[in-house]
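Q:
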Amino acid sequence: MKNNLIVLLCVLLFISCKDDEQMQYAKIYFPLATWAEKSDFFIANFDYEKDTTFIIGTYCGGSIPVPQDVKVSIGLATDSLQKLQVKDPSFANYEVLPESSYEIIPSDMVTVIKKNTNRGDLQVIFRTTELDPAKRYVLPLCINSTSHYELAPQHSYLFFGIKKQ
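Taking my numbering, the leading residue of the sequence shown gets 10, the next gets one more, and so forth.
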């Protein structure tokens, strides 16, 4: 009986340590960047005759939901886009989306991954009726900082390309 109690306590200790270990390796990233064919460049086809609302999320990878709210600050990555276009000319035909042609909610571009969840979202309203349908555009985004956990460097950028359907 005493041996069974010791084994049970060891198992419980191991399980409790394992959860901490799993969260220690959690990383913050853009899920859409993982769907990109290459270089975190995700391309969506939009109907330019009407505005389109799209959800762009941030995600905390790990095997358990976050134990507290995690704030993720997002910014524009215009310089990184220019470097990518020099490095990979296949993206050179995309122009930076004009500021007047989109609205990001919340306007401070901070997503919150709520306690006991894995994802926080930005809502982006693309005003495609104002765009030239012959051109291809990109909204270059990057994760600037997080209140908890590290960034996943391979997917901390999202180049959200749009073109006419």
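Just so you know, even glycine gets a beta-carbon here, dropped at the ideal spot from N, CA and C.
Please read these numbers as outputs of a predicted model, since none were measured by experiment.
Do you know whose CA, among 45, 42, 82 and 71, lies nearest residue 154's CA?
A: 82
Q: Ordered along the chain, which non-local residues of its own chain (more than five positions away) have a Cβ less than 8 Å from that of residue 138?
A: 57, 58, 59 and 60
Q: Which residues bound the alpha helix (DSSP H) around residue 43?
A: 40-44
Q: Beta-carbon within less than 7 Å of residue 35's beta-carbon, same chain only, minus the 5 sequence neighbours each way: which residues are those?
A: 69, 70, 71 and 158
Q: Please state whether the Cβ-Cβ distance between residue 167 and residue 41 is less than 8 Å.
A: yes
Q: Ends of the beta strand (DSSP E) at residue 89?
A: Note, residue 89: premise wrong, no beta strand (DSSP E); alpha helix (DSSP H) at 87-96.
Q: Which of the three DSSP states is assigned to residue 61 in this structure?
A: Strand.
Q: Mark residue 75 as exposed unless 16 or more other C-beta atoms lie within 10 angstroms of its C-beta, in which case mark it buried.
A: Only buried fits residue 75, as 16 or more other CB atoms lie within 10 angstroms of its CB.
Q: Does DSSP put residue 154 in a helix, a strand or coil?
A: strand
Q: Which residues bound the beta strand (DSSP E) around residue 131?
A: 128-135
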